[in-house]
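Participant:
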Amino acid sequence: MNLMDLTDFMDVMRQLQGTAPALAAEGPRHTGAPALTGSTAEQLWLLGGVALSLTAAGVVAVAAARGRKRDH
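Okay, so the sequence shown: first residue is 1 according to this note's numbering, each after it adds one.
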């Protein structure tokens, strides 16, 4: 029995039990409008988070580079 047979079998069992998912009507299409931006405070928090992450990555990189100089 392959996976496709198992999937078909499960579909048949769901239909017999009455738990088969109903076919959903197609919803409205997205028009491609841009998302609304957050408030200035939210944007500043996100900018601060990015800056903190980059600073931490730089500190780790400097520490790793110092350790490599001692190994040679």
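Cβ coordinates follow ideal geometry from the N, Cα and C atoms, glycine included.
Rounding to the nearest angstrom, what Cα-Cα distance links S53 and L46 in this structure?
Facilitator: Each residue's alpha carbon lies about 11 Å from the other.
Participant: From A41 to V59, what does the alpha carbon distance come to, in whole angstroms?
Facilitator: About 27 Å.
Participant: Output the distance between the C-alpha atoms of A57 and L44, rounded to the nearest integer angstrom.
Facilitator: When rounded, the distance between both Cα atoms is 20 Å.
Participant: Under the three-state reduction of DSSP, which class applies to L46: helix, strand or coil?
Facilitator: In this structure, L46 counts as helix in the three-state DSSP scheme.
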